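J.: In my numbering, the protein residues as written are 38 to 353.
Would you mind keeping the following structure in view while I ask a few things?
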Amino acid sequence: MAETSTTLARIIRKEAARIGFSAIGFSSPVPQSLAIERYKAMIAEKRHAEMTYMELQIDERTMPDMLLPGLKTIISAAISYNHPLHNSSGQPAISKYALIDDYHIVVRKKLEELLEFLKSLLGEDMKATIAVDSSPVLEKTWAEHSGIGKTGKNTLLIVPSAGSYIFLGEIFINKEIIDNKPPLPNFCGSCCKCFENCPTGALIEPGKLDASKCISYLTVELKREFSAEESAMIGNNLFGCDHCQEVCPHNQQASITADRSFTLCNDLLNISTETILTLTKSSFRNFFYGTPIFRIGLKRMKRNARAVKENLQRAE
Ligand code: SF4
Ligand code: SF4
């Protein structure tokens, strides 16, 4: 059974590569007590800031079989979005992942394609569920466990040859696939570039992030208006922040780059704060529909634009 299953893993990996995934791996749903302990410590220390939804569904995170009764295998899939667009220095900046179409849609579509292939191999009666940032899943833990990557000091998963500009998704299935790939070693070594280049000191220890100081959190997740301090902290970042990824040697040397199915949104590169501040609901929709930015809505995007405008004026 184990050997058949290992062969299966190889066949599935080949199909996943054809679909566009940079890496996929397989885990059995064994208890991940260390990861849960760390997760609970993060909540207790309030490093999740105002993302109170993270305090919920801890049981589901601990016991992934609550997401799929009879769960036997978690398939972790990574896809690169390391495309060539980049913001000019000193201009309003949008994170790399938001300069392409919404990954939730693209990655789900690809996982659905992979799932159809799995059904053709394992039987149409196979039970499965797909997650792309939508379910309470410890996705980096399962990705590490499956041997496709290792979390770096900047808290992001680094996939060999692809780096950290990756999206993760999972397929939970009620069939066993054994792969026996050992977890990867730490890739950071003595490097500290992400720490040294984080503009707000949000990385408080290797692998520990204080979300309340993180520009990605402030510009994407925080729902209320900024305090004066938060407003100054975001600098020129309109949506997200890539500083701790831009400097990472694993991204600079990545040989696997963005899957070609991602559409590049050239219009969003160096978009001015004036343009955003004059958008109406319908022009916001025209500009951003189908990108991750659409999810935060016009009000929050204008909040970000006001802060960036002030910060850039102050810097002049
Ligand atoms: S995303 Fe930006 S603010 Fe957050 S940890 Fe990375 S460099 Fe720091
Ligand atoms: S910049 Fe250096 S320390 Fe940070 S994640 Fe990359 S390799 Fe690790």
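We put the CB at the ideal spot given by N, CA and C, even for glycine.
All values derive from a computational prediction rather than experimental measurement.
Using only the alpha-carbon positions, how far apart do Asp304 and Ile167 sit?
T.: As a first step, residue 304 must be located in the sequence shown, where it is residue number 267. As a first step, residue 167 must be located in the sequence shown, where it is residue number 130. Asp304 and Ile167: Cα-Cα distance of roughly 32 Å.
J.: Rounded to whole angstroms, what's the CA-CA distance from Phe224 to Lys318? Just pull it up for me.
T.: As a first step, residue 224 is located in the sequence shown; it is residue number 187 there, counting from the start. As a first step, residue 318 is located in the sequence shown; it is residue number 281 there, counting from the start. Each residue's Cα considered, the two are about 44 Å apart.
J.: In the DSSP assignment, the beta strand (DSSP E) including Glu353 goes from what residue to what residue?
T.: Reading the sequence shown from its first residue, position 316 is the one you call residue 353. Here Glu353 belongs to no beta strand (DSSP E), and DSSP marks it neither H nor E.
J.: Since I believe Glu52 is in contact with Ser113 (beta carbons under 8 Å), could you give me their beta-carbon distance rounded to a whole number of angstroms?
T.: In the sequence shown, the residue the question calls residue 113 occupies position 76. In the sequence shown, the residue the question calls residue 52 occupies position 15. 15 Å between Cβ atoms; not a contact.
J.: Would you kindly check if the distance between the Cβ of Leu205 and the Cβ of Ala165 is under 8 Å?
T.: Position 128 of the sequence shown holds residue 165. Position 168 of the sequence shown holds residue 205. No, these two residues do not count as a Cβ contact at 8 Å.
J.: In whole angstroms, give me the CA-to-CA distance for Cys235 and Lys156.
T.: Position 198 of the sequence shown, counting from 1, holds the residue named residue 235. Position 119 of the sequence shown, counting from 1, holds the residue named residue 156. Distance between the alpha carbons of Cys235 and Lys156: 44 Å.
J.: Please classify Lys336 as buried or exposed, where buried requires at least 16 neighbouring CB atoms within 10 angstroms.
T.: Residue mapping note: residue 336 aligns to position 299 of the sequence shown, counting from 1. Under this definition Lys336 is an exposed residue.
J.: Just to confirm, are Pro222 and Gly184 a CB contact at a threshold of 8 Å?
T.: As a first step, residue 222 must be located in the sequence shown, where it is residue number 185. As a first step, residue 184 must be located in the sequence shown, where it is residue number 147. Pro222 is not a Cβ neighbour of Gly184, given a cutoff of 8 Å.
J.: Would you list the residues sitting across from Ile195 in a DSSP beta bridge?
T.: Walking along the sequence shown from the start, residue 195 turns up at place 158. Partner(s): Lys187.
J.: Residues near ligand 2, CB to any non-hydrogen atom under 5 Å, in chain order?
T.: These are the residues, in chain order, with a beta carbon less than 5 Å from any non-hydrogen atom of ligand 2: Gly189, Lys190, Asn191, Cys225, Cys228, Lys230, Cys231 and Cys285.
J.: Identify the residues that DSSP records as bridge partners of Ile61: which are they?
T.: As a working note, residue 61 is residue 24 in the sequence shown. According to DSSP, Ile61 bridges with Ala114.
J.: Use the C-beta contact count for Asn273: other C-beta atoms within 10 angstroms, 16 or more gives buried, fewer gives exposed.
T.: Here the question's residue 273 lines up with position 236 in the sequence shown. Looking at its Cβ environment, which holds 16 or more other Cβ atoms inside 10 Å, Asn273 is buried.
J.: May I have the straight-line CA-CA distance separating Pro101 from Pro66, to the nearest angstrom?
T.: The residue given as residue 101 occupies position 64 in the sequence shown. The residue given as residue 66 occupies position 29 in the sequence shown. Looking at the two C-alpha atoms, the distance is approximately 7 Å.
J.: Buried or exposed: which applies to Gln69, given that a residue is buried once 16 or more other Cβ atoms fall within 10 Å of its Cβ?
T.: Counting from one through the sequence shown, the residue named residue 69 turns up at place 32. Counting Cβ neighbours within 10 Å, Gln69 comes out buried, since at least 16 surround it.
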